Structures are given as C-alpha cells and as structure tokens.
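Numbering (this note's numbering), first residue to last: 1 to 445.
For glycine and all other residues, C-beta sits at the position ideal for the given N, C-alpha and C.
Treat the numbers as computed from the prediction; the structure is a model and nothing was measured.
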Amino acid sequence: MAKSKWIYKCKSCGFESSKWLGKCSACQAWNSFEEQQKVKTSVSKGSQKNSDLIPLTLVNEQKENRIQFVDDEFNEVLGGGLVPGSLILLGGEPGVGKSTLMLQNLLQSPWTSIYVTGEESPNQVRQRAQRLHKQLNKNVMLLNTTDLEQILDVLKNNNHPLVVVDSIQTLYSNRIDSAPGSLNQIRFCSQELMQLAKKTNKCIFLIGHITKDGQLAGPKILEHLVDVVLYFEGNRNHDYRMVRAVKNRFGSAMALGIYQMTHKGLIPLQDSSQLTLTKRNENHPGLARSVSIEGIRPLMVEIQALVGNAVYGTSQRNTNGFDMRRLNMLIAVLEKKCDLQLGNKDIFLNITGGLKLEDPTVDLAVIAALLSSFYEIALPHTSIFIGEVGLTGEIRGSNKINLRKEEAIKNGAEHIFLPPSPNGKQNQQYLEFENIPKLMEHLFG
Ligand code: TYD
Ligand code: MG
Numbered sequence: 001m002a003k004s005k006w007i008y009k010c011k012s013c014g015f016e017s018s019k020w021l022g023k024c025s026a027c028q029a030w031n032s033f034e035e036q037q038k039v040k041t042s043v044s045k046g047s048q049k050n051s052d053l054i055p056l057t058l059v060n061e062q063k064e065n066r067i068q069f070v071d072d073e074f075n076e077v078l079g080g081g082l083v084p085g086s087l088i089l090l091g092g093e094p095g096v097g098k099s100t101l102m103l104q105n106l107l108q109s110p111w112t113s114i115y116v117t118g119e120e121s122p123n124q125v126r127q128r129a130q131r132l133h134k135q136l137n138k139n140v141m142l143l144n145t146t147d148l149e150q151i152l153d154v155l156k157n158n159n160h161p162l163v164v165v166d167s168i169q170t171l172y173s174n175r176i177d178s179a180p181g182s183l184n185q186i187r188f189c190s191q192e193l194m195q196l197a198k199k200t201n202k203c204i205f206l207i208g209h210i211t212k213d214g215q216l217a218g219p220k221i222l223e224h225l226v227d228v229v230l231y232f233e234g235n236r237n238h239d240y241r242m243v244r245a246v247k248n249r250f251g252s253a254m255a256l257g258i259y260q261m262t263h264k265g266l267i268p269l270q271d272s273s274q275l276t277l278t279k280r281n282e283n284h285p286g287l288a289r290s291v292s293i294e295g296i297r298p299l300m301v302e303i304q305a306l307v308g309n310a311v312y313g314t315s316q317r318n319t320n321g322f323d324m325r326r327l328n329m330l331i332a333v334l335e336k337k338c339d340l341q342l343g344n345k346d347i348f349l350n351i352t353g354g355l356k357l358e359d360p361t362v363d364l365a366v367i368a369a370l371l372s373s374f375y376e377i378a379l380p381h382t383s384i385f386i387g388e389v390g391l392t393g394e395i396r397g398s399n400k401i402n403l404r405k406e407e408a409i410k411n412g413a414e415h416i417f418l419p420p421s422p423n424g425k426q427n428q429q430y431l432e433f434e435n436i437p438k439l440m441e442h443l444f445g
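Shown next as structure tokens:
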C-alpha cells in the first residue's frame with residue numbers, strides 16, 4: 001500500500017501524527033495541527049566507508065574573508081563581519097526598524113546586493129533609500145516579488161554577494177500547499193534559501209516579524225536552521241534601538257549594537273551614555289549610577305528613585321525597567337538592616353532611557369538611589385555603584401568587575417563604590433564596603 005505523503009504537525013510543540021487531531025496529545029493545544037509534506041530521507045546502506053572519515057587535524061583550514069559593512073556597530077554584532085555563504089535571521093517587532101537597518105547598510109556597502117521586497121513597492125523602497133542616503137547606490141538591485149521560485153532563479157543567475165529578503169513571512173512557494181506566512185512556507189522557503197546560500201557563497205539576510213507576546217512567532221522556528229540570529233529591539237517611547245546577536249556560528253552570541261533612530265535613519269551610538277544618562281553634571285536626590293553588562297558590552301545606567309509619603313491609605317510601589325520583586329527584596333533589606341521605615345512610603349523606580357535591566361550588579365545603585373531620595377540628599381553624578389546585594393545586607397562581588405570599572409572611569413567616575421575584593425586596597429577612587437549599613441553610614445552619616 002502506498003504510504004501517505006502527508007503528516008500532521010502541532011504548531012505549538014512540533015508533535016507529529018499521521019492523522020489530524022483536534023487536540024494535541026503532547027501539549028494539549030486545540031486546533032494546532034497543520035498538514036505538512038513528508039520529507040523523504042534516503043539512507044543508502046553501506047555508504048559509510050572508512051575513507052569518508054577525515055581526521056579533524058587534517059581538515060584544510062580555510063581562511064575566512066569576511067564581508068565588512070561601513071557600519072562598525074553592525075560588523076561587531078555579526079562577530080566581525082559576514083562569513084560568505086551564511087544565512088542570517090534578523091527578527092524584531094513590526095516597525096522597529098529592520099528594513100531601515102538593512103537598507104542603509106546595503107546603500108553604504110561597496111558590495112553589490114539584491115533587496116527582495118515583498119512588503120513594500122519599489123517606489124516606497126526608493127523613497128526610503130533617498131531619505132537615508134541622498135546619493136543612491138547603483139550597487140543595490142531591487143527584486144519586487146514574493147515568489148520563491150523566481151527569487152531562487154534570479155539569485156542563481158547573478159553573482160551579487162549580498163541578499164536581503166524582506167520579509168520571510170511574505171514568501172511563497174507553489175511546491176508547498178499552504179498560505180504565505182504559515183510555518184510550512186516559512187520553513188520550506190528558508191531551507192531552500194539556506195541551500196542556495198551554501199552553494200553560491202552568498203550571504204542571505206531573512207527579515208522576520210516577531211512580537212514579544214508570540215503572536216507573530218513564525219520566524220522563531222528558524223533559529224536552529226540559520227547561522228546567525230539577530231534580534232532588533234526598541235522601545236516605542238524612546239528612539240534608541242538595540243541589535244542583539246543571540247546565536248552566531250562564527251562569533252560571539254552576546255554581541256550588542258546600539259543605534260539611535262533619527263529622521264535620517266539609524267545612527268550607531270558609540271557613546272552609549274548619551275542614551276542612558278540624563279543631563280550630565282547635575283546632581284539630584286534619588287539618582288544613582290551603575291555599570292550594567294548588556295551582552296558583552298558595559299553600559300552606564302542611571303537609576304531614578306522617588307520615595308515619598310503615601311498620600312492614599314496604602315503605599316504604592318512601581319518600577320520601570322527593573323524587576324518589582326527584586327525592588328521589594330531590596331526595600332526589605334533596607335527596612336530590616338538599616339532600620340528604615342518604608343512601609344508607609346510610596347516608592348517608584350525608573351531606569352533612564354527605557355532600558356530593562358536584569359543584571360543584579362545594579363542592586364547597589366538601586367539602594368543608593370532609594371536612600372538618596374529618602375534623605376533628600378543628592379549623590380554626586382561622579383559616584384558609581386557596582387555590586388549585588390544579598391538578603392543579609394552584604395554587598396557581593398560581580399562578574400567583569402574590571403570592565404565595569406573601566407567604563408565608569410571613561411565616563412568620569414571619581415568614586416566607585418564596590419564590594420570587598422580579596423586584595424583590595426581602599427583609596428580615593430575605589431571605596432569598598434562589606435554591607436549596606438556601612439555604606440549608608442559613609443554616604444549619609
Ligand atoms: P522600518 O524599518 O520600516 O521597520 P520594520 O522593517 O522593522 O517594520 O521602520 C519603521 C519606523 O522607523 C517607522 O515608524 C518610521 C521610522 N523611521 C525613522 O524614524 N527614520 C527613518 O529614517 C526611517 C527610514 C524610518
Ligand atoms: Mg520592514
């Protein structure tokens with residue numbers, strides 16, 4: 001009997017079944033099964049001869065000639081440029097600036113490229129390009145289609161080394177029987193483009209719309225397939241954008257690039273303190289600075305705290321960019337270890353620039369900001385607080401402390417408050433404290 005060429009796969013967990021199911025027996029999701037073509041995998045018996053094996057030491061070392069963009073921030077995120085023949089996923093929320101980032105990089109590049117535009121008309125792309133780069137670059141070719149077969153055909157018949165597909169969700173192959181944007185189409189089109197990239201040594205960027213709540217999560221299934229995964233993040237209320245490498249077969253997966261979105265496109269922000277610090281040289285009660293590590297990059301951050309008497313019966317607590325539970329823990333430490341009465345206070349905490357911090361090393365700055373607001377005494381903006389705080393009120397060491405110190409000094413730090421180091425020597429610049437009560441005594445007497 002001929003075997004069925006189709007299988008059914010659960011969209012949410014990937015469970016496969018030979019017949020359609022209303023409810024997935026693995027993850028219990030309803031209505032999640034999609035029809036998919038079975039992929040034949042032929043295993044030829046006896047093909048594994050010993051002669052196929054190569055000792056690792058004898059594999060020819062190939063020198064990588066990376067393709068560099070003019071934008072160094074982007075090169076850094078890519079781990080030092082593009083390795084020929086790689087497939088890169090650039091994901092991010094709709095409107096964050098993915099098309100802008102790719103187009104401006106192609107426009108500046110001396111390498112010839114093809115921009116496959118499935119979402120916008122060539123005229124829209126031209127208008128955007130003119131805005132970004134007044135002198136249009138002849139090296140950029142547009143291909144206005146969503147038809148995968150046409151794209152493959154064009155790519156096979158030219159030698160432009162760079163390709164951007166905007167976006168992977170719009171592509172459609174008539175070899176797959178489902179709608180554009182469906183998981184089957186996304187997966188199939190990406191696999192075909194992957195093979196083409198490897199065969200022709202082209203670098204292909206796939207732009208994919210992804211939302212945090214997972215509504216548009218399709219391109220996430222490509223993470224294991226592609227060589228590099230970049231996520232483009234931003235905050236609707238701020239004009240900075242961050243490109244983060246979360247996977248890179250050819251470089252560090254922790255790299256981070258920071259840009260500012262302007263009317264002329266994205267501008268790399270070499271000096272990130274422009275974005276993260278409020279006006280320099282001003283001291284206000286409730287402000288304290290620290291150095292957080294985002295990916296592999298140190299970032300100056302500013303914590304703003306407001307501690308006031310609760311006007312309504314119950315006190316309010318609110319945070320922006322910092323974990324609420326962690327704030328409550330730090331407040332509890334202050335109450336218990338420093339005898340501070342905070343139960344009847346409204347407490348608000350904000351991270352400047354709309355950043356979201358998960359690095360516990362900023363704890364000490366949070367404590368300093370809370371104390372500064374509580375006592376209405378401003379801390380000098382040249383004081384930087386680095387350290388994690390434990391439940392007993394002890395100040396603990398953190399990773400990459402030297403990198404943090406260097407960044408602080410680069411930004412004009414005069415006093416750096418730190419946890420005790422094994423061979424620490426107190427001096428004017430580095431002030432080490434064992435616990436919060438001792439630090440409080442030093443700062444506010
Ligand atoms: P876009 O690159 O189209 O986003 P995506 O491809 O991720 O959907 O960027 C869209 C936003 O960027 C849009 O709100 C307008 C803004 N923008 C600027 O502020 N300056 C510019 O120079 C450009 C081209 C876009
Ligand atoms: Mg776009």
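{"Asked": "Same chain only: Cβ atoms within 7 Å of D147, ignoring 5 sequence neighbours per side", "Found": "Y172"}
{"Asked": "Reduced DSSP category for C189 - H, G, I as helix; E, B as strand; rest coil", "Found": "helix"}
{"Asked": "Enclosing alpha helix (DSSP H) for R326 [first to last residue]", "Found": "M324 to C338"}
{"Asked": "L371, enclosing alpha helix (DSSP H) - first and last residue", "Found": "D363 to Y375"}
{"Asked": "Among W20, P360 and L222, the one whose alpha carbon lies nearest that of R326", "Found": "P360"}
{"Asked": "Outcome for Y448 when other beta-carbon atoms lying within 10 angstroms are tallied against a minimum of 16", "Found": "There is simply no residue 448 to check, as the chain begins at 1 and stops at 445 in what is shown."}
{"Asked": "Expected contact under 8 Å - CB spacing of L103 and R128 to nearest Å", "Found": "6 Å"}
{"Asked": "Nearest-angstrom Cα separation, counted from I386 out to L53", "Found": "52 Å"}
{"Asked": "Sheet register partners of W6 (DSSP bridge)", "Found": "Q37"}
{"Asked": "Environment of E302 [buried if 16+ CB atoms lie within 10 Å]", "Found": "buried"}
{"Asked": "Alpha carbon of R289 to alpha carbon of I384, nearest angstrom", "Found": "5 Å"}
{"Asked": "Outcome for L56 when other beta-carbon atoms lying within 10 angstroms are tallied against a minimum of 16", "Found": "exposed"}
{"Asked": "Sub-7 Å separation of P268 and E73 beta-carbons", "Found": "yes"}
{"Asked": "Local Cβ density within 10 Å of L349, reported as buried at 16 or more and exposed below that", "Found": "buried"}
{"Asked": "Sequence-distant residues of its chain with Cβ nearer than 6 Å to V165 (five each side left out)", "Found": "V116 and L206"}
{"Asked": "Start-end ranges of the beta strand (DSSP E) lying completely within the stretch 80-111, minimum 3 residues", "Found": "87-92"}
{"Asked": "Option in L379, I7 and L225 with minimal Cα separation from L89", "Found": "L225"}
{"Asked": "For L155 and S113, believed in contact at Cβ under 8 Å, the rounded distance", "Found": "Their Cβ separation, rounded to whole angstroms, is 11 Å, which puts S113 and L155 out of contact at 8 Å."}
{"Asked": "Which of helix, strand or coil DSSP assigns to S273", "Found": "helix"}
{"Asked": "Separation of D227 from L101, as counted between CA atoms", "Found": "19 Å"}
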